[in-house]
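Student:
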Amino acid sequence: MTRDGTYWDIGTVPHVEPERLSAIISALADFALVIDRDGKIISVLASPAHSSITALDQWENANVRDFLTIESVRKFEDTLAGYLSDAKAQRATELNHFDKKTEVEFPVVYTMHDIGSEETILLMGRDLRPIAEIQKQLVDAQLAVERDFELKRGYDTRFRVLMQSVSDAMVFVNVSTGMIIDANAAAATLLRRSVDALKNKEFAKLFEDQGRSELLAEMAASALSEGPTSVRLVDQKNQRAFKATPSFFRAAGTRTMLCRLTPEAGSDATSNETIPRALNAVFEVGPDAIVITDAEGRIASANEAFLDMTDTAHNAAVEGRSLADYLDRGTIDLNVLLDGTGRSGRTRIYGTKLKGQFEGLSAVNISATPVDNETHGGFTFVIRSTESAQKGDAESPADNAQSAVDLVGNASLKEIVADTTDVIEKICIETAIELTSNNRVAAAEMLGLSRQSLYVKLRKYGLLSRTDDD
Amino acid sequence: MSPSRSQLLKADESQHSSGRFGDLASKALSEVATRGRGQDIYLASNAPFVGRLLNAAMSRSGETLRDAAQSLLAQGIPAEVIIDDIVPRVARMMGEEWVRDISGFASVTVGSMYLQSLVRELSASWTADDADLKLSTVLLWMPESAQHTLGATVVSTQLRRMGHSVQFAPRRSLTELTDALTLDRYDAVVVSASFSETPDDVRAVIKTVKAHAPTLPVAVGGTILKHNADLAAQTGADVATNDLEVASQLFSVAK
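Protein sequence lines correspond, in order, to chains A and B.
Going by my numbering, the first sequence opens with residue 1, and the numbers climb by one from there.
Going by my numbering, the second sequence opens with residue 471, and the numbers climb by one from there.
1) Considering K243(A), what are the terminal residues of the beta strand (DSSP E) in which it resides?
2) If you pair each beta-carbon of the segment 634 to 648 of chain B with each one of the segment 673 to 681 of chain B, do three or more pairs fall below 8 Å?
3) Can you name, in chain order, every residue of its own chain whose Cβ lies under 6 Å from the Cβ of A289(A), other than the five neighbours on each side?
4) Verify whether the separation of the beta carbon atoms of A169(A) and A187(A) is less than 7 Å.
5) At a Cβ threshold of 7 Å, is T93(A) touching chain D?
6) Please classify A183(A) as buried or exposed, where buried requires at least 16 neighbouring CB atoms within 10 angstroms.
7) List, in order along the chain, the chain B residues whose C-beta lies closer than 7 Å to that of T107(A)?
8) In the DSSP assignment, what residue or residues form a beta bridge with F98(A)?
9) On a CA-only basis, which of E445(A), A223(A), R250(A) is nearest D333(A)? Give me that one, please.
10) Run down chain A in chain order and give the residues with a C-beta less than 8 Å from the C-beta of G633(B).
11) Considering Cα atoms alone, identify which of K75(A), S22(A), S117(A) is closest to S573(B).
12) For Q135(A), does the count of other Cβ atoms within 10 angstroms reach 16, so buried, or fall short, so exposed?
13) CB-CB under 6 Å to G360(A), same chain, minus the five flanking residues each way: which ones, in chain order?
14) Near V625(B), which residues of its chain fall below 6 Å by C-beta distance, leaving aside the five closest residues on each side in sequence?
15) Identify the contact partners of R673(B) in chain A, using a Cβ-Cβ distance below 7 Å as the criterion.
16) Identify the continuous beta strand (DSSP E) that holds P48(A) and give its terminal residues.
17) Is it the case that the segment 65 to 75 of chain A contacts the segment 536 to 556 of chain B, given that we only count it when at least three CB pairs across the two stretches are under 8 Å?
18) Leaving out the 5 sequence neighbours to the left and right, which residues in its chain are closer than 6 Å to Q628(B) when beta-carbon positions are compared?
19) Can you grab the Cα-Cα spacing for the pair R20(A) / S47(A), in whole Å?
20) Taking 7 Å as the CB-CB cut-off, is I121(A) touching chain B?
21) Could you work out which residues of chain B lie near K101(A), taking near to mean beta carbons separated by less than 9 Å?
22) So that I know if they touch, is there some Cβ in chain B lying closer than 7 Å to that of L143(A)?
23) Would you say V423(A) lies against chain B (beta-carbon separation less than 7 Å)?
24) Considering only residues of the same chain and omitting the five flanking positions on each side of N200(A), which have a CB-CB separation below 7 Å?
25) In the DSSP output, which residue or residues are listed as bridge partners for P370(A)?
26) With a threshold of 6 Å on Cβ separation, who are the neighbours of F721(B) within its own chain once the five nearest residues in sequence on each side are excluded?
27) Locate the beta strand (DSSP E) running through Q637(B), then write down its first and last residues.
28) In the structure shown, what three-state DSSP assignment does E387(A) receive?
29) Could you tell me which chain A residues have their CB closer than 8 Å to the CB of Q586(B), listed as they occur along the chain?
30) I'd like to know whether the C-beta of F98(A) is nearer than 7 Å to at least one C-beta of chain B.
31) What do you reckon, are the CB atoms on R255(A) and V175(A) nearer than 7 Å?
32) What residues from the segment 635 to 661 of chain B come within 8 Å of chain A, judged by C-beta to C-beta, listed N to C?
33) Tell me, to the nearest whole angstrom, how far the beta carbon of F801(B) is from that of L542(B); I am working on the premise that it is less than 8 Å.
34) On the DSSP bridge list, what partners appear for F306(A)?
35) With 16 as the cutoff for other CB atoms within 10 Å, does E103(A) come out buried or exposed?
36) When DSSP labels each residue in this structure, what does I290(A) get in the three-state scheme?
See the structure below:
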């Protein structure tokens, strides 16, 4: 039967005796209220199973609003107003009852019905407590999940800190796919690749002459054999040899290998006699400037190429001077190079400018290597001019002009300038962080910022957690 | 529209004259130009994005909330905007749907659970838990009677993004609060309460905190502020605010 009675013809609707009506209503509804147009309760009817929820006898002659929560009063008023203006358009409404005396709250979904009198309205209600109970259980289950995630956060952090602080190179490999799942900073240094570059890379491909299946099989055999055994691996990029000690385990259904890598003793030394001769030639006649300094960056020796680049006539003019004298940012550049190289064992590419005797500046990339000297350490710097390379690298002006054409008209000048300023700021900060190998004190100095301001900007650009993870 | 020859020449000239700053600006311009336009479109009108997440969360569009969110991310809308702006809007609209009897409380509950999972997934990588012990450690607490945890979850991600290390304890007892305060040292406590909690619920939490550590700063916030203008005085909090910048000044003063 639809509510407006279109299904039953008027003539076929059985006549119901008023005294039977209440029995029918209480069978159909858990609660039934007859109210007047102001919401005053004229009579209450509850099915036997629901009469004990609250002291219903107190409801009679009270206003229904007195037994509703604040937000339900608003809903009730809206629904009542809707009903009074168009009885057919109104829909079921969920209301939360609240008994101030017993502090019992219970949800009921009501429909409003015309019972033939202008002054009274019948509210038929269904008790929603069973659904509310399920809702409560769902929320509790959700909270339990949230708490587990909070715990997991703690474990994650501990795992990350542990991975970063151990000096052994550690690599996790998914045995089925052969891909690196995770690696720590020590592994990144040893393999001379960043952690990000290592992740999701095929482990076997890092090493010479190794197919994935053979390598993993060999390592599995090594792990199964008794006593501490290891597999010898050779980096396919630079032929350095490592000792790999694997252990296998299952993590959440994934067969995983934890591999500890240690450099093979003497793997960097070569007995080949041609190397010193070749190196000598690179120093004497090579195109790159080479400078050997003491631990403080004072020049002990420099080659012809360096003298050329700095317009210096004779070696004696540079010896004993600080390399900082020749660098565009002076001691800032030098400190970054020395600190960075001292900490990470080498500096690969550091971009700056070289100052000539006559103050001419030329763009250079500098790489630095510590010189292993038992008594007093020092560094070797290889300085390569980037003047010619840079022209080739620059984006074509056409591309850049197109960018401006794309932007102008789509955004106001103010927006373009603000966005571009942000990008420039981010590029410069990233550059400083990269140049200083994430030495924030040096990066802040380089940018002319306080350490605090640098922090704020790193946060702003989302650079903090990433650099911390690396 | 392609640039004319004279435009190209001008760009070329300006590049030469402005040197390396010009290069930098050009690079930045091209980055701004190629950046996803989604964010700008969002700023112009967020309704389609909010509507899409709402329908996905309420399981009305045949699209999962995760897929809908991924699509927004792909259009260039950052996770921060989704969490700080879209999710709260969607949550308010769900509440409004209940008030207008468009949706029942059961669907709204399920929808807000989806939202909460989304917030957690999007913020999984945001952490301020690192070796830098100079940043604040915050205990984020909710009254035990709390019905709504989405708001507090959003706040936890925002505090983490601000650089605070956060312990988030959704709906635990006052005994557990005492335990937490005994076991760990915090720089501040943030109490999150929604419109369905009372100042009394919050006062009980703050009383427990102050009994244990009288000088530990406590901030209270959440939709409870709407109906309780003088919440700080009512609950004994040091500050009642929905502005996390204001709240976090309290922590830095305390440090």
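A virtual CB, placed ideally from N, CA and C, is assigned to each residue, including glycine.
This structure is a prediction, so every number in the text was calculated from the model and none was measured.
Tutor: Judging by the given coordinates:
1) 241 to 251
2) yes
3) A305, F306, M309, I383
4) yes
5) Considering every chain present, this structure includes no chain D. Its protein chains are A and B.
6) buried
7) Note on residue identity: the sequence assigns Pro, not Thr, to residue 107(A). Simply F575.
8) E105(A)
9) E445(A)
10) Y455, R459, L464
11) K75(A)
12) buried
13) none
14) S662
15) Those do not exist, as R673(B) stays about 18 Å from chain A at its closest Cβ, beyond 7 Å.
16) Where P48(A) is concerned, there is no enclosing beta strand (DSSP E), given that its DSSP letter is neither H nor E.
17) no
18) L714
19) 14 Å
20) no
21) Result: empty, since nearest Cβ-Cβ is about 17 Å, beyond 9 Å.
22) yes
23) yes
24) M179, I180
25) F379(A)
26) S606, D657, A658
27) 635 to 639
28) helix
29) Q142, E146
30) no
31) yes
32) Q637, F638, A639, P640, R641
33) Past the edges of chain B, shown from 471 to 725, lies residue 801(B), and the structure says nothing about it.
34) DSSP lists no partner for F306(A).
35) exposed
36) strand
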